[in-house]
Amino acid sequence: MPQQQTIRDFAKSRAKAQKDIKNRLPVKQRAGMPRFKKKAEAAPTLNYTRRGFRLRDRRLHLAGGITLTVVWSRDLPDEPTSVRVYRDALGHWYASFVVPARTDPLPATGRAIGIDWGVKEIATTTSDAHDLPHPQHGKKAQARLARYDRMMARRKPPKGQKASKGYRKAKRLRARAHQKVARQRQDTARKWAKRVVRDHDAIAVEDFKPRFLAKSTMVRKAADAAIGATKQALVEMGRKHGRDVRLVHPAYTTMDCGDCGARAKHRLPLSERIYTCTACGVSRPRDKNSAQVVLVRAGLIPGGAEGARPGRPQDGQAA
Ligand SMILES: [Zn+2]
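No gaps in the numbering here: position 203 of the sequence shown is 1543 in my numbering, and each next residue is one more.
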């Protein structure tokens, strides 16, 4: 507790210094500046580079004479170049170290995979064994989050008044539920990413941009968050193990044929789950077709041979 108070005070004095700088700017420039959270609401963050911190006897010494006892989640693989000390919404303090990335190459497999993101299935891939169904654990938690949202709305203090005990409690509950979902999401994402990266040398990924975060249903929002976390985990895991990860622009992945490359004249209605190509006659689940398009567009044709089309090794998936 005493050391927490020390960091908090230090963070406040830094924030004040930044505010002073901001206030010195001409009014015109200030008008267009982003709105900042009130100091009391904003979670404090402190960043230190090489000279600002030191590790000795597994304790963290920060500039300004602050010494912290750290509970290590794991040993640092290398000398850290910087550290960020911050507090999350639940009031827990963390020290996050930046360590130079080291690649840890995996044995070659001779295989490539294409990945398409979706709402029903988080990831549909060109390999049936690597499809990732939507993790349902988010569902119950989403309902809980919605409940706390309503609770907060009900207890919201009138403008200019201090937040009630009940409001702060609801806020805390919500933050905890949120963190739990995020952790489960990340756990699932990492396990899946590890398997994909272990089994493939080259990975073509639809460069998904969240489309529904601002509006739309809870289901879509949850899917967006899950896809975001999964994609990030995959890219990080691929880099860590020296794999060839290629991001593919998502345009027309649902309209193009993964076999002959012909583009359908019309967008497939969402209810239509099977893609049938009018040019070459191939027919398969639409998401499987999109995954194939992603793979081809990244320049990673299955088997690595251009002429592999007629013998389509992945044809079994159409069943
Ligand atoms: Zn075709």
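Each residue gets a CB set at the ideal place from its N, CA and C atoms; glycine is no exception. The structure displayed is predicted, hence computed values, not measured ones.
- Scanning its chain for C-beta atoms nearer than 8 Å, with the 5 sequence neighbours on each side dropped, one finds around S1623 the residues I1614, Y1615, T1616, C1617, A1658, in chain order.
- Around the CB of C1597, 16 or more other CB atoms lie within 10 Å, so the residue is classed as buried.
- Annotation for V1622 indicates a beta carbon within 8 Å of some heavy atom of ligand 1.
- H1518: not part of any beta strand (DSSP E); member of the alpha helix (DSSP H) spanning 1505–1539, first to last residue.
- Three or more pairs of CB atoms, one per stretch, sit closer than 8 Å, so the region 1434–1445 contacts the region 1572–1589.
- Secondary structure of L1472 (DSSP, three-state): strand.
- Counting only residues of its own chain and dropping the five nearest sequence neighbours on each side, A1638 has a CB closer than 6 Å to the CB of A1544, R1586, V1588.
- Here DSSP, grouped into helix, strand and coil, assigns G1601 to coil.
- A check of alpha carbon separations from R1495 across R1508, R1484, R1525 identifies R1508 as the nearest.
- Take A1619, set aside five residues on each side of it, and the residues of its chain with a beta-carbon closer than 8 Å to its own are C1597, C1600, A1602, in chain order.
- At least one heavy atom of ligand 1 lies closer than 8 Å to the C-beta of A1619.
- Partner residues in the beta bridge of W1457, as assigned by DSSP, are A1463.
- If you check the CB distance, V1411 and S1422 do not come in under 9 Å.
- Going by DSSP, S1630 is part of no beta strand (DSSP E) but of the alpha helix (DSSP H) stretching over 1626–1637.
- Distances between the C-beta of A1631 and the heavy atoms of ligand 1 are all 8 Å or more.
- Taking the Cα of V1575 as reference, the smallest distance to any Cα among A1542, T1594, V1633, P1625 is reached at A1542.
- With a cut-off of 8 Å, the C-beta of G1454 is classified as distant from ligand 1, since no heavy atom of the ligand falls inside that distance.
- The region 1555–1620 contains, as complete alpha helix (DSSP H) runs of 4+ residues, the segments 1558–1580 (chain order).
- R1530 and K1505 have their C-alpha atoms roughly 37 Å apart.
- Secondary structure at R1484: helix, using DSSP grouped into helix, strand and coil.
- Rounded to whole angstroms, the gap between the alpha carbons of L1402 and T1385 is 13 Å.
- Excluding its 5 nearest sequence neighbours in each direction, R1514 has C-beta neighbours in its own chain below 6 Å: Y1488, listed in chain order.
- Here A1631 is not near T1409, since their CB atoms are 9 Å or more apart.
- Taking 8 Å as the upper bound for CB-CB distance, R1607 and T1594 are in contact here, some 7 Å apart.
- Excluding sequence positions up to five before and after A1448, its CB lies within less than 8 Å of the CB of D1541, all in the same chain and listed in chain order.
- With a contact defined as Cβ atoms closer than 8 Å, P1475 and E1546 miss out at about 19 Å.
- DSSP, read as helix, strand or coil, puts A1441 in coil.
- Inter-residue distance for L1635 and I1641 is about 6 Å (C-alpha atoms, whole angstroms).
- At a cut-off of 8 Å, the beta-carbon of A1483 does not count as near ligand 1: no heavy atom of the ligand is closer than that.
- DSSP places V1425 inside the beta strand (DSSP E), whose first and last residues are 1422–1427.
- With contacts defined as CB atoms closer than 9 Å, D1539 and R1451 qualify as a contacting pair.
- Residue side-chain check: A1602 places its Cβ nearer than 8 Å to a non-hydrogen atom of ligand 1.
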